[in-house]
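Undergrad: Structure below; questions to follow.
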């Protein structure tokens, strides 16, 4: 893993929620149109479902043979179980390893500057003088850079607070040095913990040995090691680990009386189970049912409507949410119903189907669920139906909750869903009308399509792009990536500073004082008094200037850098805005005056809203502020050359951007996130989109592809006038997102 570009993606074992055999994924569905799809036999395929969000990502795999597939599935399931059940110290060590190589994918060491940037991402605030001191202590080779072992030592050093141990817990150590087996048992008894580790010496000793799992204790007496013991640091690790969680693990297992009637219990239920987002235009997904069942839901909703070919569909009726197959949902429910609990699953049917398709629903229920489906009383000859069966009696059963048809109903179009007399405005079924309306975007001078629902009292609407296809909505969104983004400070910026990524910091603002006044006059009236920015001083090298807006005027203040003695007695540069008030960082100074007023003889003011960064990318020929993904694809299809590119606002998330480009004969998209004033693509960070584009003109963005040709309507026109190189082979090809974890830049 020394070269990050050697792979395109990573799946963290801790994020894998399920390994599913067969071809049950959207990826395989898309491939079904390929001519050689038939050679991907079911017994050679499996799907990895992973992620931290409710809507999981998928990795669809086809092995060389059935035996290889079985080995992969068994091996992954073992590794997942081992990873999740591994002792806390081992999990911590793996996490440190992952963070270390995220920071330095191409080098075996990291610098003090990188460490300083990393610590705030894990909520560790430490004075720069103290960090430098600790860094020197663990840097055994004295070369100014830390190896992994040295970085791990530094992390353990910073996370261990000996004061807590000595103040509260050393009293449990019989010799003042370690927590022995007897000491640990006494501690558990004194805390009133569950008897899980007090049943016998062997059980407790085994737990202690497995928790530490350290073969390096060869210098400790064998008897002590066989019994098990904790050092002070190991004991503190135990206290903060999941093994010592406040929640009593006894309650992770059902310990209540489950023999009472079903109506005596609260039931974990899911409303609109099929939706993965809002109720007007989001995706419906079969996977949502699997996810809810795996999270413990015992009651699911199926919103059923007449579908094509006589098979019902499920979606949020009278909206533009996507539709999924009723049959696929029922199969998924059967597969996952009792993975986490043996107690009954209730299917709440909101039925809008005709009688013909209701009959089809019933047939599908019987065919798929078989003996799982409860169709008759559990006890033959039962006459008293005043009491429902108990959850215990209904284990491994699926119950259908459904209204009955009116007696003697023969209408083929009958639906069992009645419209209640008293219904809330937000209920879409009560809408008087729904459809597409166009609202004027006055800023852009455009009419934008919206989906609307009109009720008796209100109209609800949401932006709707009719050009987006279902396939595009299902594409991978790299914003779900769990790779941590760091903000190392580049050359030319003093070490230890946290201000570099803040919106209010404008660095060496082109135009200096004059430009800052222009920005404050532009944004100040709307942002109000206290709107501000900080920039490098024009006249005083090393100092900064703070400019702010108050009552229609722009004010400028100099932030001085006097030298004073630090806590260690050594001289250090400070930050000063007013007399006798000093800060060890520019970040700390600004944060202080955002909550404490800066006072002058004539007024006082608190710095409030930051002045936005100048948009240097606007006006560039590669930037298309109004293009959607579909429109970007159309432009790129006309330019069959690797390196053709454009940048546009993201269709899905406001405040983010996407770069669409050609690489290896395909059209790809990559999300550009904005954090503070920095633009981030993968782990690479830039002060502007202009800097990003310039960097990837000379450095590879994907594989060996660099950004070579900005795509505009004019270049497309010229290409169409000279079509000899035009590539039609990808006309029907779906563009794909790339995994941004593989991208590196000058600040990474």
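Residue numbers (UniProt numbering): 1 to 748. Here a beta-carbon is modelled for each residue, glycine too, at the ideal position from N, C-alpha and C. The model shown is predicted, which means the values in this text are computed figures rather than measured ones.
1) When you compare only the Cα positions, how much space is there between residue 691 and residue 638?
2) Just to confirm the assignment, what range does the beta strand (DSSP E) spanning residue 299 have?
3) Do the stretch 291–304 and the stretch 259–274 meet, that is, are 3 or more Cβ pairs less than 8 Å apart?
4) Check residue 571 in the structure and name its three-state DSSP category.
5) For residue 13, collect the residues of the same chain with a Cβ closer than 6 Å to its Cβ; drop the 5 residues on either side in sequence, then sort them by chain order.
6) Measuring CB atoms only, is the stretch 47–59 touching the stretch 12–28, in the sense that at least three cross pairs come out at less than 8 Å?
7) For residue 478 and residue 671, I'd like the C-alpha separation in whole angstroms.
8) Is it buried or exposed, residue 569, if we count other Cβ atoms within 10 angstroms and call 16 or more buried?
9) Buried or exposed for residue 36, please, with buried defined as at least 16 other CB atoms from any protein chain shown within 10 angstroms of its CB.
10) Would you call the stretch 227–245 and the stretch 200–215 touching, i.e. three or more CB-CB distances under 8 Å?
11) To the nearest angstrom, how far is it from the Cα of residue 546 to the Cα of residue 452?
12) Using a beta-carbon distance below 8 Å, is residue 228 in contact with chain B?
13) At what residues does the beta strand (DSSP E) containing residue 678 begin and finish?
14) Over what stretch of residues does the beta strand (DSSP E) that includes residue 459 continue unbroken?
15) From this set, 531, 540, 537 and 558, which residue's C-alpha is nearest residue 552's C-alpha?
16) Using only CA atoms, which one of 109, 168, 508 and 572 lies nearest to residue 143?
17) Indicate the three-state DSSP secondary structure (helix, strand or coil) for residue 276 in the structure shown.
18) Using C-beta distances below 7 Å, list every residue in its chain close to residue 43, excluding the 5 sequence neighbours before and after it, in chain order.
19) Specify the secondary structure class of residue 602 as computed by DSSP and reduced to three states.
20) Tell me whether residue 252 sits in a helix, a strand or coil according to DSSP, three-state version.
21) Taking the beta carbon of residue 201 as the centre, do at least 16 other beta carbons fall within 10 Å, making it buried, or is it exposed?
22) So, for residue 676: in the same chain, excluding its five sequence neighbours on each side, which residues have a beta-carbon less than 6 Å away from its beta-carbon?
23) Counting pairs of Cβ atoms below 8 Å between the stretch 396–405 and the stretch 342–350, do you hit three or more?
24) Does DSSP put residue 544 in a helix, a strand or coil?
25) Give me, in chain order, the residues of the same chain whose beta-carbon lies closer than 8 Å to that of residue 310; leave out the 5 immediate sequence neighbours on both sides.
26) Run the CB neighbour count on residue 264, radius 10 Å, all protein chains shown included, and call it buried at 16 or more, exposed below.
27) Does DSSP put residue 435 in a helix, a strand or coil?
28) Beta-carbon within less than 8 Å of residue 513's beta-carbon, same chain only, minus the 5 sequence neighbours each way: which residues are those?
29) How should residue 183 be labelled, buried or exposed, when 16 other C-beta atoms within 10 angstroms of its C-beta is the threshold for buried?
30) Considering only their Cβ atoms, is the gap separating residue 541 from residue 517 smaller than 8 Å?
31) In whole angstroms, what is the alpha-carbon distance linking residue 365 and residue 710?
32) Under 8 Å, with one C-beta from each stretch per pair, do the stretch 127–145 and the stretch 102–116 reach the 3-pair mark?
33) How is the alpha helix (DSSP H) around residue 336 delimited, first residue to last?
TA: With the structure as the only source:
1) Spanning the two alpha carbons is a distance of roughly 27 Å.
2) 299–305
3) When C-beta atoms of the stretch 291–304 are compared with those of the stretch 259–274, three or more pairs fall below 8 Å, so the two segments count as touching.
4) strand
5) 79, 80 and 83
6) yes
7) Low per-residue confidence applies at residue 478: pLDDT is 37, beneath 50, and the placement is therefore not dependable, though the value from the model is reported in the following sentence. Between residue 478 and residue 671, the C-alpha separation is close to 7 Å.
8) exposed
9) exposed
10) yes
11) Taking the straight line joining both Cα atoms gives about 46 Å.
12) Going by chain labels, chain B is absent from the structure shown, which holds only one protein chain.
13) 678–681
14) 459–463
15) 531
16) 109
17) coil
18) Cβ neighbours of residue 43 beyond the five flanking positions: 66 and 69.
19) coil
20) helix
21) Taking a 10 Å sphere around the C-beta of residue 201, we find fewer than 16 other C-beta atoms and assign the residue as exposed.
22) 501, 502 and 503
23) yes
24) The answer is strand: DSSP assigns residue 544 an E or B state.
25) 356, 357 and 360
26) exposed
27) strand
28) 538, 545, 547 and 556.
29) buried
30) In this structure, the beta-carbon distance from residue 517 to residue 541 does not fall below 8 Å.
31) 55 Å
32) yes
33) 326–336
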